[in-house]
Amino acid sequence: MARRTLLALAVAFAVLAAVPWIREPLGVPVFYLAFGALVFFWVAQATSWNLLSGYTGYFSFGQGAFFGVGVYTSAVLSGRGGMDYFLTIPLAGIVAALLGLAVGGVAFRLRSLRGEIFALLTLAVPFILASFARINTAIDGGQGIVLRIPEFPEFLGGFQDLAYLLSLGVAGLAVGIAYVAQHSRFGWALFAIRDAENVAEGLGVPTFGYKMLAIGLSAALAGMAGSVFALQIGFVTVEGTFNLTVPLFVIVMSVLGGRMHWLGPALGALIIVTLQDRLAAQGFEGYSLIILGAILVSLVLLAPEGLMARLRPRLLPVVAAAGAVYLALAVTGVWGAPLDWFAVALVAAAVVAFWPRRRTVAAARAAALGGIAPVEEVEDEDLTDTAAPEALPTPPAERAIGRPIIEAHDLTRHFGGIRALDGISLTIHEGEVVGLVGPNGSGKTTLVNLLSGALRPTSGDIRIDGRSVLGLPAHRLAHAGAARTYQIPRPFGSMTVRDNVAIAIMFGREAASLATARREARQHLELVGLVRHADALPGEINLHERQLLEIARAIATRPRVLLLDEALAGLNPAEIDNAAGVVRRVHESGIAIVLVEHVLRIVNQLATRVVVLDQGRLLAEGEPADVMRNADVVRAYLGRRAHA
Amino acid sequence: MIILQAAFSGILVGGLYALMAIGLSLTWGMLKVINLAHFGMILLSAYLTYAIATGLGIDPLLTIVATAPVMFVLAAALQWAFQRFRVSEFNSLLISFGVLIMLVQTISNVWTADFRRLGSDVNPYSSGALSIGPLAFPMPTLLAFVTALALVIALELALERTFAGRAVRAFSEDPPIAAAFGIDHRRIGILLAGVAGVTAALAGMLFAIGGSMTPSTALEWVGLVFAVVILGGIGNVAGTLLAGALVGIVTGLVTVLWSPSAAPLVVFSIVVLALLFRPRGLIPRGGTT
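Sequence lines, in order, name chains A and B. If you want this note's numbering, it's the 1-based position in the first sequence plus 9. If you want this note's numbering, it's the 1-based position in the second sequence plus 39.
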């Protein structure tokens, strides 16, 4: 599968690269070279944008900045400095990548960063650069820069051939990188970030690093494409470079083609450029932006998943429609030139692809799964759960208490003026099940957030195996052996249940390949009893099953301590008993557990020790039976008069 | 003295930024809609002001009678569509971006891409200035600042005192609870969006009085006005005026002391710093989480 796709890509690239040599014998006008170069420029831009924004979900409006830096790197070095133009192409990529890393280094460290803020921050970057280029006479100074045509080898017919080949090269590089990224750990990390970033970090994915890699690569590709573009137009100005055209177009192209698939943006670029070109040729130039805007609005409202996702279930009708329309126009010959027919055929194909139809389950799944490769070998002999929970012997949770794993010392955490936690010291030993109870707002979830590294304490210290982990990112704590679940399940919505677990294995303490991880995922799904749902999407299973998925995903990181944040909330009694059985089995597999819970019956059953929090302070600690009789605890739970 | 003059002029120009930002900040903060089409509506109002005042030969301030209802309806219709399709906060940004470029292109088709400016025969405010001692306050920006100030006071009072205002605030803080108390968020949302549309009409009119415009002017505002919204604190009406004044002062001073082209560099650096250290606006409001 993968090899065939790569082969097809290589063949397509070779055929396109041969065009400058076969165009004269075939009688193809030079116009097609210029058109092709334009298509490839936008393919490179859109694919580069998608690598960052489509894959991670962080929409950037700053594509123009990376593009513009590439344009100006080549313009200044080659046009002004007289450097060999061809050398400036990689330099443009490097300078743009540095800018990307600088933007990412600031933006991705913002604690309050949300998608909207990132979009607006990146929107500001081109304006800053534009004013910088305008005042700085060494860069532009406001007059623009002329680029000379470099000397090129004789075997190329003319400048158009050179520009065509350079554009093709950058576009091919971009599409190749997008393909490789989507089919590697890198891509999986980015998809996990898009679906649920904090969860991914907590499962051991170094999200900051992957986001930086994405923005750096994306910027480098945009910069190189910008460098080629500068050569093509020959004269660059600040106004013509740092504007909103590039970000606007790449967003429309990617949304049209599909952001979840490596080929989506390229497809979108082909359609939009062809349409733009033909509209302009027919004298409708003034309407092109209106059409573009309308396309964007209707796509976001009606088909946000884009063309690629729609193509999979109806590839044949789409290709047939395009072919039929093109042939009909070509044979009758009543109107237009080949490119016009091609444009109409593209539109026909898009209409067929987007035509609303009652969606089958398979189509909906394909749409939701996007470009993620399906499991190729299903090796489950039987899909029923072999380990029925009731059949297992369930001895009381007694294991030898061992060495301390997590030691929290004097933890305090403030939110504004509120002390959510006030001087908590707590040690979790091997083999323990620590019940963490307390009224609402007593600080239980805050404590889980601190112990898993999702939040940092205002003061105090946390040690794992005696080493302080204070200030380490959450994925490092995951690798050190602390995993957690969320009270409200937060699965990766675009991945199957199996892949949700597999990703935790892939990025766990010992990195594993996707194939290995998918195989190993089965044992964790067995433990919680979810094997029969392995190929379902998280949206297709019920709340109880999603909570079990949370547990499976957490234990897949091979933790030493599992922090369960109200894993039983909202369940009915039968489901609670089943979940309690799962917790017991997890404990028996050798994982210490911190059980945040309101259902005291379950805490009494499972816990070897109970810790009671009240208003951020440690109220009581000890054997479950003793603690439950403690007068302070009864007061905290039932109010003052209850004890009197 | 020239520095003082630059600072004061800057504050007044900041009034115009604030005027543009108020509507955006309100709908973002209260309705969770990031409405880039707001810039298109400001631009359309400016062009309508130009067209009506020039065509009928009337005082440009009178055109608000026509533009305000148009913008109210336009903004309310857009909000209706957002609610009808249950558009998420992020998708509202994309959709309104599409609407913005459609508006810009339409304006360009109608009025061409050339610079347009109100002629001095219909614009009695273009050359006037209020002098206090050695300082001169040009009329267009003075009007904009006074309008922004009045609008901020009126909106703050409306949000504080009227039922609709309280309903909006309740809804922005906790939609399900507000709905449980019988607040019909759809009508309130459409009303609020309409009010934001009226602020766009005001901003467009005052921009037309003070300067010249091309269709791409709308895109030039985006960065600066969002800077004002974020610095002011999203949804904080009074904050936008303060932030507008701050941005205006900085722009004015940098222009005089360094170079006009350097102003965006400084302003956006401030925004980035503000996002780093003051993510909830320069003057965070209230003690909520």
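All C-beta atoms, glycine included, are put in the ideal place defined by N, C-alpha and C.
| query | result |
| --- | --- |
| Kindly indicate if chain B contains any beta-carbon less than 8 Å away from that of A/V309. | yes |
| Mind checking whether A/P365 and A/G166 have CB atoms under 8 Å apart? | no |
| For A/L401, collect the residues of the same chain with a Cβ closer than 6 Å to its Cβ; drop the 5 residues on either side in sequence, then sort them by chain order. | Summary for A/L401: the model assigns pLDDT 42, below 50, so the residue's position carries little reliability; its value from the coordinates is reported in the next sentence. Nothing meets the Cβ criterion. |
| Would you call the region 219 to 234 of chain A and the region 560 to 571 of chain A in contact, with 3 or more CB pairs under 8 Å? | no |
| With 8 Å as the threshold, decide whether the Cβ of B/G262 is near any Cβ in chain A. | yes |
| Am I right that A/L305 and B/L133 are in contact with their C-beta atoms under 8 Å? What's the rounded C-beta distance? | 6 Å |
| What residues from chain B crowd round A/E125, counting only those whose CB sits closer than 7 Å? | I73, E128, F129 and L132 |
| Going by C-alpha to C-alpha distance, which of B/L65, B/I91 and B/V161 sits closest to B/L231? | B/L65 |
| Leaving out five residues on either side along the sequence, give the residues of the same chain with a beta carbon under 6 Å from the beta carbon of A/F168. | I158 |
| Out of curiosity, what's the CA-to-CA distance linking B/W150 and A/L272? | 39 Å |
| Give a yes or no on whether 8 Å exceeds the smallest Cβ distance from B/V311 to chain A. | yes |
| Run through DSSP, which three-state label would B/E199 get? | helix |
| Just how far apart, CA to CA, sit A/T395 and A/A530? | Here the model assigns A/T395 a pLDDT of 42, short of 50, so the residue's position is not dependable, and the following value carries that caveat. Straight-line Cα distance between these residues: approximately 15 Å. |
| Look up B/I42 in the DSSP assignment and say whether it is helix, strand or coil. | helix |
| Please give me, in chain order, every unbroken run of the alpha helix (DSSP H) with length at least 4 that falls completely inside the region 81 to 164 of chain B. | 103 to 123 and 128 to 150 |
| For a contact meaning CB atoms closer than 8 Å, what does A/R143 contact in chain B? | S300 |
| Grab me the residues of B/W119's own chain with a C-beta within less than 7 Å of its C-beta, minus the 5 sequence neighbours each way, in chain order. | I229 |
| May I ask you to report which of helix, strand or coil DSSP gives A/H607? | coil |
| Considering only the alpha carbon of each residue, which of A/S434, A/A346, A/Q54 and A/E597 lies closest to A/R287? | A/A346 |
| Alpha carbon to alpha carbon, what distance is there between A/I414 and A/G211? | 18 Å |
| Hey, does B/M59 have any beta-carbon neighbour from chain A nearer than 8 Å? | no |
| By how many angstroms is the C-alpha of A/S236 removed from the C-alpha of A/P135? | 16 Å |
| I need the DSSP call for A/M262, collapsed to helix, strand or coil. | helix |
| Quick one: which chain B residues come within Cβ less than 8 Å of A/A303? | G137 and M141 |
| Mind pulling the chain B residues with CB within less than 7 Å of A/V85? | Under the 7 Å cutoff, chain B gives no residues; its nearest Cβ is about 17 Å from A/V85. |
| Nearest to A/A339 by alpha carbon, out of A/T254, A/V328, A/G249 and A/A354? | A/A354 |
| Mind listing the chain B neighbours of A/G579? Cutoff is C-beta to C-beta under 7 Å, in chain order. | Per Cβ cutoff of 7 Å: no residues; A/G579 is ~17 Å from chain B at best. |
| Which residues, in order along the region 265 to 276 of chain B, keep a beta-carbon less than 8 Å from a beta-carbon of chain A? | F265, A266 and I269 |
| Can you find a CB in chain D that lies within less than 8 Å of the CB of B/P303? | Of the chains in the structure shown, none is chain D; the protein chains are A and B. |
| Would a C-beta distance cut-off of 8 Å place B/M110 and B/V237 closer than the cut-off? | yes |
| Which two residues bound the contiguous beta strand (DSSP E) that contains A/R531? | Segment L523 to V537 is the alpha helix (DSSP H) holding A/R531; no beta strand (DSSP E) there. |
| Rank A/F293, A/E575 and A/A491 by C-alpha distance to the C-alpha of A/A601 and give the top, closest one. | A/A491 |
| For A/R594, which of A/T246, A/L615 and A/L580 has the nearest alpha-carbon? | A/L615 |
| Against chain A, which members of the region 140 to 173 of chain B pass a CB distance test of less than 8 Å? | I140, M141, V143, Q144, T145, S147 and N148 |
| Less than 8 Å between the beta carbons of A/I280 and A/A359, yes or no? | yes |
| A/S477 bridges to which residues according to DSSP? | A/R472 |
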